[in-house]
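First the structure, in the form of structure tokens, and then the observations on it.
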Amino acid sequence: MRDKKIFIIDDDKGICLSLSKFLETEGYETYTYQDPREALQDFPVRNPQIVLLDLKMPHMDGLTVLEKLKAQDKNIYVVMMTAYATLESTIEALRRGANDYLLKPFKLSDVTLALERAEKVINLERENIKLKEELKILKEYEIVGESPQLKEVLDIVKRVSSLNVTVIIYGESGTGKELIARTIHFNSPRKNRPFIPVNIAALPEELVESELFGYKKGAFTGATTDKVGIFKACDGGTIFLDEVAEASPRLQAKLLRVIEYKKFTPLGSTREEEVDVRIIAATNKNLFELVKEGKFREDLYYRLNVVPIHLPPLRERVEDIPLLVNYFIKKYSVRYNLQEKALDDEALKLLMSYTWPGNIRELENLIEHLLIVTRSLRITKEDVLNLMKRKSTEKAKIKTLEELELDYIRHVLNLTGGNKKKASELLGIDLSTLYRKIKKLEGES
Numbered sequence: 062m063r064d065k066k067i068f069i070i071d072d073d074k075g076i077c078l079s080l081s082k083f084l085e086t087e088g089y090e091t092y093t094y095q096d097p098r099e100a101l102q103d104f105p106v107r108n109p110q111i112v113l114l115d116l117k118m119p120h121m122d123g124l125t126v127l128e129k130l131k132a133q134d135k136n137i138y139v140v141m142m143t144a145y146a147t148l149e150s151t152i153e154a155l156r157r158g159a160n161d162y163l164l165k166p167f168k169l170s171d172v173t174l175a176l177e178r179a180e181k182v183i184n185l186e187r188e189n190i191k192l193k194e195e196l197k198i199l200k201e202y203e204i205v206g207e208s209p210q211l212k213e214v215l216d217i218v219k220r221v222s223s224l225n226v227t228v229i230i231y232g233e234s235g236t237g238k239e240l241i242a243r244t245i246h247f248n249s250p251r252k253n254r255p256f257i258p259v260n261i262a263a264l265p266e267e268l269v270e271s272e273l274f275g276y277k278k279g280a281f282t283g284a285t286t287d288k289v290g291i292f293k294a295c296d297g298g299t300i301f302l303d304e305v306a307e308a309s310p311r312l313q314a315k316l317l318r319v320i321e322y323k324k325f326t327p328l329g330s331t332r333e334e335e336v337d338v339r340i341i342a343a344t345n346k347n348l349f350e351l352v353k354e355g356k357f358r359e360d361l362y363y364r365l366n367v368v369p370i371h372l373p374p375l376r377e378r379v380e381d382i383p384l385l386v387n388y389f390i391k392k393y394s395v396r397y398n399l400q401e402k403a404l405d406d407e408a409l410k411l412l413m414s415y416t417w418p419g420n421i422r423e424l425e426n427l428i429e430h431l432l433i434v435t436r437s438l439r440i441t442k443e444d445v446l447n448l449m450k451r452k453s454t455e456k457a458k459i460k461t462l463e464e465l466e467l468d469y470i471r472h473v474l475n476l477t478g479g480n481k482k483k484a485s486e487l488l489g490i491d492l493s494t495l496y497r498k499i500k501k502l503e504g505e506s
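For the numbering used here, count along the sequence shown from 1 and bump the result up by 61.
Spelled out as structure tokens, the structure:
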């Protein structure tokens, strides 16, 4: 651990050895240097958090070393050590960034006190950094809108955040399901633990289990070491399972066990592991309909559906569009250091009359693009129409990855004369995965 590493830089070998021996009994990992040039070379590699630094040394004086350390890491905690302390040297060291001072000869109890002071300062800095990160996250994922539909959603979010219940968020693509999940997490008792989003549909079926639950060495060809899965990495925190409707029957069974018993078995292991995670799931499909069709486990559905949150599409909260537009204008003006622009009334009316199939994500993308390409500070209806036309043309030309994949599967099936076993070998996927993809092909035709 970084906070257990201390550099001792002193040309006196005896001081280096005695301090090193004492600090190791106190649980620190120590590195001693009689030549400060070696310490500076090792600093970015060893990455200590505390440095005990002698003021007077032959190769390089302590003040110069101090400046070089601070240039590499402004937060490094430095305690100066010297037998030649004067008011001037103390002030100069503090001015250049030293945090504390030890006057030689010092007692080991003096060192202990100095390190206790260091720990307090370091912990305080850590808390400040954590708070800044949380504020940055909350600002980045700010929920914008005042429509009754959104207020209803936020009321549920407020009530469930502090409860350790499973939540499922329903909504079309681009409505902000992950944003709601993050808001729940950062307003919950788990806010200081990890939040890990996982898009189940984006993970290949043959990899999804090993990614989520990890595996043991030798579990399959290529498993040369143990791997910690996402569930274990998220212990104590919140895992966001997006597109949960795409989970295979096998994965559904494993998810059910995690929810019911807080246990899972890594691939290649015979021993269950315990985990404490809150699950927030999301889907753009009707899970209950999938249950009736036999495509989704009923027991898992009821376990996930403890608190359902239904996110309205943007076309159903039109009154929020002006607020969202202003928010995105400010956001991207700051990000790209642009002079703030504004939409005229006709442009805004056009945006409010559009159906937004891509929802908030589509609106955000459009505003970002308009700010970059529009030369005038006033964005007109014509600017919006021109960009919308261009985007719809581009969209018509571009095939999705799924469409390209299905085209390739068609091609391989033609090459093998419809032999599915040969096709699966050529494609590098198992037969069950190929059959699932063929079903999609049949659904298209």
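Every residue, glycine too, gets a C-beta built ideally from N, C-alpha and C. None of the values given here were measured: they were computed from a predicted structure.
- Remark: C-beta atoms of Leu432 and Tyr393 approach each other more closely than 7 Å.
- Around the beta-carbon of Arg497, fewer than 16 other beta-carbon atoms lie within 10 Å, marking it exposed.
- If you compare the alpha carbons of Gly290, Ala306 and Ala159 with that of Glu354, the shortest gap goes to Ala306.
- By the Cβ criterion, the region 211-224 is not in contact with the region 304-324, since fewer than three pairs of Cβ atoms, one from each stretch, lie closer than 8 Å.
- Tyr138 has Ile111 as its beta-bridge partners, per DSSP.
- Taking the C-beta atoms as reference points, Leu372 is found no nearer than 7 Å to Leu317.
- Under DSSP, Pro369 forms a beta bridge with Ile229.
- For Asn347, the number of other beta carbons within 10 angstroms of its own is below 16, and it is reported as exposed.
- Each residue's CA atom was taken as its position, placing Thr282 and Gly329 some 11 Å apart.
- The Cβ atoms of Ile382 and Leu412 sit closer than 7 Å to each other.
- Burial check for Pro97: the Cβ neighbour count within 10 Å reaches 16 or more, so the residue is buried.
- The beta strand (DSSP E) runs lying completely inside the region 240-317 and spanning 3 residues or more are 256-260 and 299-303, given in chain order.
- If you ignore the 5 residues before and after Ala144, its C-beta comes within less than 6 Å of the C-beta of Lys165, all in its own chain and listed in chain order.
- In the structure shown, Asp360 falls within a helical segment according to DSSP collapsed to helix, strand and coil.
- For Ser249, the closest alpha carbon among the candidates Glu266, Asn225 and Ile152 is that of Asn225.
- Under a 10 Å Cβ-count criterion, His246 is classified as buried, with 16 or more other Cβ atoms of the shown protein chains found around its own Cβ.
- With fewer than 16 neighbouring CB atoms inside 10 Å of its own CB, Phe349 falls in the exposed class.
- Leaving aside the five residues that flank Glu153 on each side, the residues in its chain whose CB is nearer than 8 Å to its CB run, in chain order, Leu124.
- Beta-bridge pairing by DSSP links Tyr162 to Met141.
- Ranked by how close their Cα comes to the Cα of Gly75, the residues Leu312, Thr86, Asp115 and Glu87 have Asp115 in first place.
- Under the three-state reduction of DSSP, Thr173 is assigned to helix.
- Inclusion of Phe357 and Thr299 in the CB contact set at 7 Å is not warranted, their separation being larger than that value.
- If you ignore the 5 residues before and after Ala314, its C-beta comes within less than 6 Å of no other C-beta in its own chain.
- Just so you know, the alpha carbons of Ile230 and Leu488 end up roughly 35 Å apart.
- Under the DSSP assignment, Arg339 falls in the beta strand (DSSP E) whose first and last residues are Arg339 to Thr344.
- According to the DSSP assignment, Phe68 belongs to no alpha helix (DSSP H) but to the beta strand (DSSP E) extending over Lys66 to Ile70.
- Asn136 and Arg254 have their C-alpha atoms spaced approximately 23 Å apart.
- Taking Ile340 as the centre and dropping the five residues before and after it, the same chain places the C-beta of Thr227, Ile300, Leu302 and Ile320 closer than 7 Å to its C-beta, in chain order.
- Glu334 carries a strand assignment under DSSP once its states are collapsed to helix, strand and coil.
- Here Asn420 is buried. Its C-beta has 16 or more other C-beta atoms within 10 Å.
- Put simply, the backbone Cα of Asp405 is about 10 Å away from that of Leu438.
- Residue pairing of Lys324 in beta bridges, as defined by DSSP: Glu335.
- With a beta-carbon spacing of about 14 Å, Ile69 and Thr86 fall beyond the 8 Å limit used to define contacts.
- Secondary structure note for Thr416: it is in no alpha helix (DSSP H), with a DSSP letter that is neither H nor E.
- Along the length of the region 365-453, whole alpha helix (DSSP H) runs at least 4 residues long occupy 382-396, 406-414 and 420-434, reported in chain order.
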